[in-house]
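Residue numbers (this note's numbering), protein chains in the order written: chain U, 304 to 513; chain V, 4 to 216.
Glycine included, C-beta positions come from ideal geometry on N, C-alpha and C.
Nothing here was measured: the structure is a model prediction, and the numbers come from that model.
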């Protein structure tokens, strides 16, 4: 009987605790989500700024999930934006990556990381007088499908004492670029064949325009 | 009134949780690379410690001794989760930089130790005073370690550059060994001060005895 009584007391207390947390969560989770969405939108703007990308169109791809097509003021396609996830030293690093239409890195912004304070966090540290973190700036203009840190005989200087963080960002950005490139090429191909069949169909109907 | 002051000040130096009781060493080592993180961690701990001490003290007569530890942990975990959710919503920058160490406040032994050793035996008011003293003492210790580490390891204090421009930061201080070395030296310094005090007391005592003779 004693065990049952103790169990009930414990249950009662945990019920109060979870009830309190559920109430608070209802209040804070929309704020957290809103902040996250706002940050992602800002990150998209920021990584495509060098290309003049201001409008974003979400693309849902079956193979790789969603990414964004970026357009400038005049509605010209200027590149692609996606989120790259890389396994860092103590967290999964979330990087919003912008690519030009030729798959050069247009800009990067780390939107989530819990790396070692003072080491891995240098990936997002902005030097005095700079606007962006120096580590991410060096990616800009480089071929996004061919990125690696110097330790892997690559072209990216890693952060002292945080090779794993540096590598995680380089590798994940590269992998995402490759995926999007493939997806984009596949879509273009599909569009081309679709156009071809449409043209053929029109031809059959004798309505083809010269 | 002197009781209140005693319960508050004991946490600062005499029974400082990190430097004297050697409790909560994990966050003291892990979150002391920069002063900003140390202060953020300290404030979170002060909040959790005060609230859990208050609740534990209020419940102290209703809690069966056999299940007091799980109950204390539930209370502490609840407040830590509150801190986590509120911080993520209103202070996302700090939340990101403290990272995994926010949920780990649950297992910070300073908090469980105060619940078990103090709040479960004392009235709510004095338990809050004890929590505030211990919390401030914890923050003080973390800030002290972080000050040494941030200045030597990064040339800054609370984000402001304090070192001359040709200063070469000691990377070691930012890494775990830097934390251990700094904490070791500070602990040694505290023990040395204690020794000196004891010697001084002894000397005066002997003097008194002589005079009495």
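For residue i, the nearest candidate out of the options (CA to CA)
i: residue 2/V; options: 473/U, 486/U and 464/U; result: Residue 2/V is absent from the model: chain V starts at 4 and stops at 216.
i: residue 442/U; options: 504/U, 409/U and 466/U; result: 409/U
i: residue 36/V; options: 154/V, 105/V and 99/V; result: 154/V
i: residue 315/U; options: 73/V, 15/V, 83/V and 38/V; result: 73/V
i: residue 114/V; options: 184/V, 28/V, 207/V and 196/V; result: 28/V
i: residue 379/U; options: 388/U, 362/U, 355/U and 370/U; result: 355/U
i: residue 85/V; options: 332/U, 419/U, 405/U and 471/U; result: 332/U
i: residue 168/V; options: 438/U, 481/U, 431/U and 483/U; result: 431/U
i: residue 323/U; options: 170/V, 152/V, 81/V and 140/V; result: 81/V
i: residue 343/U; options: 399/U, 362/U, 360/U and 494/U; result: 399/U
i: residue 381/U; options: 404/U, 489/U and 396/U; result: 404/U
i: residue 394/U; options: 100/V, 89/V and 110/V; result: 100/V
i: residue 23/V; options: 193/V, 209/V, 211/V and 198/V; result: 193/V
i: residue 341/U; options: 118/V, 112/V, 210/V and 95/V; result: 95/V
i: residue 392/U; options: 411/U, 417/U, 386/U and 376/U; result: 417/U
i: residue 182/V; options: 156/V, 195/V, 110/V and 172/V; result: 156/V
Cβ-based neighbour list, residue i, same chain, cut-off 8 Å, excluding 5 preceding and 5 following
i: residue 498/U; result: none
i: residue 91/V; result: 98
i: residue 165/V; result: 154, 158 and 159
i: residue 306/U; result: none
Environment of residue i [buried if 16+ CB atoms lie within 10 Å]
i: residue 201/V; result: exposed
i: residue 78/V; result: buried
i: residue 504/U; result: exposed
i: residue 11/V; result: buried
i: residue 402/U; result: buried
i: residue 371/U; result: buried
i: residue 468/U; result: buried
i: residue 374/U; result: buried
i: residue 329/U; result: exposed
i: residue 511/U; result: Here residue 511/U scores only 49 on pLDDT, less than 50, and its place in the model is too uncertain to base an answer on.
i: residue 93/V; result: exposed
i: residue 45/V; result: buried
i: residue 152/V; result: buried
i: residue 348/U; result: buried
i: residue 495/U; result: exposed
i: residue 108/V; result: buried
i: residue 19/V; result: buried
i: residue 513/U; result: Because residue 513/U sits at a pLDDT of 49, beneath the cut-off of 50, its placement in the model cannot be relied upon, and the following sentence gives the value as read from the coordinates. Residue 513/U comes out exposed.
i: residue 425/U; result: buried
beta-carbon residue i near the ligand HEM non-hydrogen atom, thresh 7 Å
i: residue 112/V; result: What this structure holds is no ligand at all, so the ligand HEM is not there to describe.
Beta-bridge partners of residue i, as assigned by DSSP
i: residue 346/U; result: Answer by DSSP bridge pairing: none, since residue 346/U is not bridged.
i: residue 363/U; result: 369/U
i: residue 482/U; result: Answer by DSSP bridge pairing: none, since residue 482/U is not bridged.
i: residue 399/U; result: 386/U and 412/U
i: residue 407/U; result: 446/U
i: residue 452/U; result: 459/U
i: residue 380/U; result: 374/U
i: residue 120/V; result: Bridge partners of residue 120/V: none, in fact.
i: residue 164/V; result: 159/V
i: residue 358/U; result: 374/U
i: residue 465/U; result: 462/U
6 Å CB neighbourhood of residue i in its chain, flanking five on each side removed
i: residue 293/U; result: Limits of chain U in this structure are 304 at one end and 513 at the other, which puts residue 293/U out of reach.
i: residue 420/U; result: none
i: residue 138/V; result: 48, 49 and 52
i: residue 14/V; result: 136, 137 and 140
7 Å CB neighbourhood of residue i in its chain, flanking five on each side removed
i: residue 407/U; result: 444, 445, 446 and 447
i: residue 116/V; result: 26
i: residue 161/V; result: 38 and 39
i: residue 486/U; result: 364, 366 and 367
i: residue 31/V; result: 21, 144, 145, 148 and 186
i: residue 214/V; result: none
i: residue 474/U; result: 389
i: residue 150/V; result: 38 and 160
i: residue 361/U; result: 369 and 371
i: residue 206/V; result: none
Report the residues of the segment 61-76 of chain V with a CB closer than 9 Å to any CB of chain U, ordered along the chain.
-> 62, 65, 66, 67, 69, 70, 73 and 74
Under 9 Å (Cβ pairs) to chain U, residues found in the segment 140-167 of chain V = Across the segment 140-167 of chain V, CB contacts with chain U closer than 9 Å involve 152, 153, 156, 157 and 164, in sequence order along the chain.
Going along the chain, which residues of the segment 95-129 of chain V sit with their C-beta nearer than 8 Å to a C-beta in chain U?
-> 95, 99, 100, 102 and 103
Contact residues within the segment 76-93 of chain V, judged by C-beta distance below 8 Å to chain U | 77, 78, 80, 81, 84, 85, 88, 89, 91, 92 and 93
Note down, in chain order, all residues in the segment 320-339 of chain U with a beta-carbon under 7 Å from any beta-carbon belonging to chain V.
-> 320, 323, 324, 327, 328, 331, 334, 335 and 338
Going along the segment 451-465 of chain U in order, which residues come within less than 7 Å of chain V, judged by CB to CB distance?
-> 463 and 464
Chain-ordered residues of the segment 391-415 of chain U with a beta carbon less than 9 Å from chain V | 393, 394 and 415
The segment 31-52 of chain V: which residues have C-beta closer than 8 Å to a C-beta of chain U, in chain order?
-> Here the close residues are 34, 36, 37 and 40.
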